[in-house]
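Asker:
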Amino acid sequence: MADGLYWDRAKETRTREEREAEVLALLQKQLRYVYDNMGFYRRHYDHHGFHPDQVRSLDDFTSRVPIITKQMLRDSQAEHPAFGDYLGVKMSDVIRIHGSSGTSGKPTLYAFSRKDWDYVADVMAQGLYTCGVRPGDVVQLATVFSLFMGGWGALLGVERLGATAFPLGAGETERQLELMYRVGSTVLITTPTYALHMLETARSLGYDPAASPLRLGIFIGEPGSSIPGTRNALESGWGIKVRDMATTSEMTPWATNAECEKGGGVHVIQDEVWTEIVAKDDPARRMPDGESGAIVYTHLRRESQPMIRFFAGDESHMTYEPCSCGRTYPRLPAGVYGRLDDMLLIRGANVYPSQVQRSLLEVPGTGVEFKIVLTKKGALDH
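Plus 157 on top of the position in the sequence shown (first one is 1) and you've got the working numbering.
#1: If we count Cβ pairs, one from each stretch, closer than 8 Å, do we get three or more for the segment 461–475 versus the segment 280–300?
#2: Which of the three DSSP states, helix, strand or coil, is assigned to LYS398?
#3: Let's see if you can read the secondary structure: which residues bound the beta strand (DSSP E) around TYR267?
#4: Using the Cα positions of VAL465 and TYR364, report the straight-line distance between them to the nearest angstrom.
#5: So, ALA352 versus LEU313, is the Cβ gap smaller than 8 Å?
#6: Have a look at GLU407 and GLY206 and give me their C-alpha separation to the nearest angstrom.
#7: Taking DSSP as the reference, what is the three-state secondary structure of TRP274?
#8: Tell me the DSSP bridge mates of ALA436?
#9: Is the beta carbon of LEU371 sitting closer than 8 Å to the one on THR343?
#10: Nearest to ARG442 by CA position, among VAL180, GLN427, VAL530, PRO223, is which residue?
#11: Would you mind listing the beta strand (DSSP E) stretches within the segment 371–431 that are 3+ residues and don't spill past its ends, in chain order?
#12: Please work out which residues of its chain come closer than 7 Å, Cβ to Cβ, to ASP279, disregarding the five sequence neighbours upstream and downstream, and give them in chain order.
#13: Taking the C-alpha atoms as reference points, what is the distance between ILE384 and LYS227?
#14: In this structure, does DSSP put THR358 in helix, strand or coil?
#15: Within the same chain, show all residues whose beta-carbon is closer than 6 Å to that of ASN194, passing over the 5 residues directly before and after it, in chain order.
#16: Here's the rule I'm using: 16 or more other beta-carbon atoms within 10 Å means buried, otherwise exposed. How should VAL399 be labelled?
#17: Classify GLN297 as helix, strand or coil using the three-state DSSP reduction.
#18: What is the DSSP secondary structure of ASP217, reduced to helix, strand or coil?
#19: Kindly indicate which three-state DSSP category PRO209 falls into: helix, strand or coil?
#20: Using the DSSP secondary-structure output, state which residues sit across from PHE302 in a beta bridge.
#21: Let's test the definition: count the other Cβ atoms within 10 Å of the Cβ of ASN389 and tell me whether it reaches 16, buried, or not, exposed.
#22: Which value, in whole angstroms, describes the spacing of the CA atoms of PHE218 and TYR494?
#23: In the segment 320–361, which residue ranges form an unbroken beta strand (DSSP E) of at least 3 residues, counting only runs that do not cross its ends?
#24: Contact between the segment 444–456 and the segment 226–243: three or more CB pairs below 8 Å?
#25: Would you please state the rounded distance, in angstroms, between the beta carbons of ILE122 and ILE452? I believe it to be under 8 Å.
#26: Within 10 angstroms of its Cβ, does VAL191 collect 16 or more other Cβ (buried), or is it exposed?
#27: Between LEU356, GLU329, GLY378, which lies nearest to THR348 when the distance is taken from Cα to Cα?
#28: With a threshold of 6 Å on Cβ separation, who are the neighbours of ASP165 within its own chain once the five nearest residues in sequence on each side are excluded?
#29: For my contact list, VAL212 and LEU183 are in at a C-beta cut-off of 8 Å; report their separation, rounded to the angstrom.
#30: Since SER473 is in the beta strand (DSSP E), which residue starts that stretch and which ends it?
#31: Which of the three DSSP states, helix, strand or coil, is assigned to GLY289?
#32: Find out if the Cβ-Cβ distance for the pair GLY374, GLY422 is shorter than 8 Å.
#33: Between ARG221 and ARG484, what straight-line distance do the alpha-carbon atoms span, to the nearest angstrom?
#34: Kindly give me the distance between the Cβ atoms of PHE323 and LEU298, rounded to whole angstroms, as I take these residues to be in contact under 8 Å.
#35: Figure out for me which residue from ARG458, GLU416, PHE468 has the closest Cα to the Cα of LYS437.
#36: Where does LYS263 land, buried or exposed, given buried means 16+ other C-beta within 10 angstroms?
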């Protein structure tokens with residue numbers, strides 16, 4: 158299937174009209190499936206006066222289908238242990254169980270059917286191939302391998318693609334570096350902040366990071382690799398090409414936002430996860446091309462725990478301007494800005510920590526760690 162440039166040339170280069178015709182058919186099929194098989198969605202849709210037959214266009218999908226949220230998933234799992242009443246398959250069909258990090262309390266559990274686990278591997282491989290991973294690469298996975306889904310999805314994709322997986326897990330930086338040089342890792346997958354920490358540690362131990370065997374870094378879990386200062390520090394420090402990738406663990410396969418070799422933001426693999434940019438205060442209104450808003454995701458093919466119009470709480474903007482790589486997917490030119498709930502309102506202006514980081518990293522000599530202290534003097538924010 159892969160031809161050196163594309164994982165699937167016909168799929169990735171077809172016209173927008175061809176792709177969206179298939180997407181609409183998949184959305185209609187998925188809506189009927191969740192309504193007929195999952196109490197979670199049937200109750201939610203009935204409550205909002207929605208029925209799947211009402212969707213006859215992509216505009217109908219945005220304007221008529223109510224969103225779901227992370228809190229709704231938590232509530233469903235509390236009321237219908239352990240996987241909520243949106244599992245969609247028999248427990249005997251579940252091959253893997255993972256979950257969220259649980260930073261806000263109990264982890265939200267993710268269940269994958271055998272069919273979906275195999276499907277996740279295919280889509281993760283496409284995302285990694287888009288970023289530049291090829292058979293013959295040695296891919297060092299400096300990611301958490303635990304209940305959390307992140308590292309496991311990347312491992313699946315590396316193996317399906319035909320590269321060599323080197324799953325070292327998170328932490329133990331000196332060991333990561335020693336093994337990187339000894340084995341000859343050519344690709345590093347981790348968070349941008351950990352890659353910067355590895356860079357500082359390498360220098361302190363006498364390594365020359367720019368002479369490492371790495372040629373490519375794929376960075377996940379944080380918006381940092383789309384911030385020019387962070388990207389420049391990683392590229393110049395390690396002597397590598399930097400690629401941004403990932404959505405959110407609920408949307409596994411989470412590699413459907415993936416940056417190609419031309420840069421310019423992440424391609425949105427719309428024929429696997431339908432991605433909308435909507436008004437932050439009105440998810441029934443899609444934002445025009447180029448205008449920022451909240452990201453809403455929909456699984457087109459998952460049968461186990463499919464997410465339909467999942468309000469991720471992240472912000473970005475989308476463009477359909479052509480990319481010179483030849484892929485016809487839309488792009489998020491600035492990646493994901495950050496989380497809407499991280500936003501600060503300062504003197505009437507929306508300020509994101511990622512924007513502060515972007516500005517700080519343009520100042521020579523600054524590091525990646527910073528603290529925002531917001532106080533008031535009278536009626537004014539400082």
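For each residue, glycine too, the CB sits at the ideal point set by N, CA and C. Predicted model only: the values in this text are computed from it and were never measured.
Answerer: Considering the structure as presented:
#1: Per the Cβ contact rule, the segment 461–475 is not in contact with the segment 280–300 (fewer than 3 Cβ pairs under 8 Å).
#2: Residue mapping note: residue 398 aligns to position 241 of the sequence shown, counting from 1. Note: LYS398 maps to strand in three-state DSSP.
#3: As a working note, residue 267 is residue 110 in the sequence shown. Element bounds for TYR267: 266–270.
#4: Here residue 465 corresponds to residue number 308 of the sequence shown, with the count starting at 1. Here residue 364 corresponds to residue number 207 of the sequence shown, with the count starting at 1. Per the sequence presented here, residue 465 reads as Ile, with Val not at that position. Distance from the CA of ILE465 to the CA of TYR364, rounded to the nearest whole angstrom, comes to 47 Å.
#5: Numbered from 1 along the sequence shown, position 195 holds the residue referred to as residue 352. Numbered from 1 along the sequence shown, position 156 holds the residue referred to as residue 313. The Cβ atoms of ALA352 and LEU313 do not sit closer than 8 Å to each other.
#6: Locating residue 407 in the sequence shown gives position 250, where the first residue counts as 1. Locating residue 206 in the sequence shown gives position 49, where the first residue counts as 1. The alpha-carbon of GLU407 is positioned some 26 Å away from that of GLY206.
#7: As a position in the sequence shown, residue 274 is number 117, starting the count at 1. Three-state result, TRP274: helix.
#8: Here the question's residue 436 lines up with position 279 in the sequence shown. Its beta-bridge partners are ASP439.
#9: The residue given as residue 371 occupies position 214 in the sequence shown. The residue given as residue 343 occupies position 186 in the sequence shown. Going by C-beta atoms, LEU371 is nearer than 8 Å to THR343.
#10: One-based indexing of the sequence shown puts residue 442 at position 285. Among VAL180, GLN427, VAL530, PRO223, the Cα nearest to that of ARG442 belongs to PRO223.
#11: Runs found: 373–376, 398–401, 414–416, 423–425.
#12: Working through the sequence shown from its first residue, we reach residue 279 at position 122. Taken in chain order, the residues that qualify are ARG317.
#13: Residue mapping note: residue 384 aligns to position 227 of the sequence shown, counting from 1. Residue mapping note: residue 227 aligns to position 70 of the sequence shown, counting from 1. Cα to Cα, ILE384 sits roughly 27 Å from LYS227.
#14: The residue labelled residue 358 in the question sits at position 201 within the sequence shown. Reduced to three states, the DSSP call for THR358 is helix.
#15: Along the sequence shown, read from residue 1 onward, the residue named residue 194 stands at position 37. Same-chain partners within the cutoff: GLY245.
#16: Along the sequence shown, one-based indexing puts residue 399 at 242. The Cβ neighbour count for VAL399, taken over all protein chains shown within 10 Å, is at least 16; the residue is labelled buried.
#17: Here residue 297 refers to the residue found at position 140 of the sequence shown. In the three-state scheme derived from DSSP, where H, G and I count as helix and E and B as strand, GLN297 is classed as strand.
#18: Translated into the one-based positions of the sequence shown, residue 217 becomes position 60. Helix, per DSSP.
#19: For the purposes of this step, residue 209 is taken as residue 52 along the sequence shown, with counting starting at 1. Correct three-state label for PRO209: helix.
#20: Start at 1 with the first residue of the sequence shown, and residue 302 comes out as number 145. Paired residue(s): none; PHE302 is not in a bridge.
#21: Here residue 389 refers to the residue found at position 232 when the sequence shown is read from its first residue. Label assigned to ASN389: exposed.
#22: Walking along the sequence shown from the start, residue 218 turns up at place 61. Walking along the sequence shown from the start, residue 494 turns up at place 337. Approximately 25 Å between the Cα atoms of the pair.
#23: Taken in chain order, the whole beta strand (DSSP E) runs of length 3 or more contained in the segment 320–361 are 321–324, 344–347.
#24: Cβ pair count under 8 Å is below three, so no.
#25: Beyond the ends of the chain as shown, which are 158 and 539, falls residue 122; an answer cannot be given.
#26: Start at 1 with the first residue of the sequence shown, and residue 191 comes out as number 34. Buried.
#27: The residue you call residue 348 lines up with position 191 of the sequence shown. Checking every option, the nearest Cα to that of THR348 belongs to GLY378.
#28: Stepping through the sequence shown from its first residue, residue 165 is reached at position 8. Take ASP165, set aside five residues on each side of it, and the residues of its chain with a beta-carbon closer than 6 Å to its own are MET158, in chain order.
#29: Stepping through the sequence shown from its first residue, residue 212 is reached at position 55. Stepping through the sequence shown from its first residue, residue 183 is reached at position 26. Separation of the CB atoms of VAL212 and LEU183 is rounded to 11 Å, and the pair is thereby denied contact status at 8 Å.
#30: Here the question's residue 473 lines up with position 316 in the sequence shown. Segment 467–473, the beta strand (DSSP E) holding SER473.
#31: Reading the sequence shown from its first residue, position 132 is the one you call residue 289. It is coil, neither helix nor strand.
#32: In the sequence shown, residue 374 corresponds to position 217, counting from 1. In the sequence shown, residue 422 corresponds to position 265, counting from 1. Not in contact: GLY374 and GLY422 (Cβ atoms no closer than 8 Å).
#33: Here residue 221 refers to the residue found at position 64 when the sequence shown is read from its first residue. Here residue 484 refers to the residue found at position 327 when the sequence shown is read from its first residue. Using only the alpha carbons, I get a separation of about 30 Å.
#34: Within the sequence shown, the letter at position 166 stands for residue 323. Within the sequence shown, the letter at position 141 stands for residue 298. Contact annotation, PHE323 with LEU298: C-beta distance approximately 7 Å; criterion of less than 8 Å satisfied.
#35: Residue mapping note: residue 437 aligns to position 280 of the sequence shown, counting from 1. Of ARG458, GLU416, PHE468, the residue nearest in Cα terms is PHE468.
#36: The sequence position of residue 263 within the sequence shown is 106, counting from 1. So LYS263 ends up on the exposed side.
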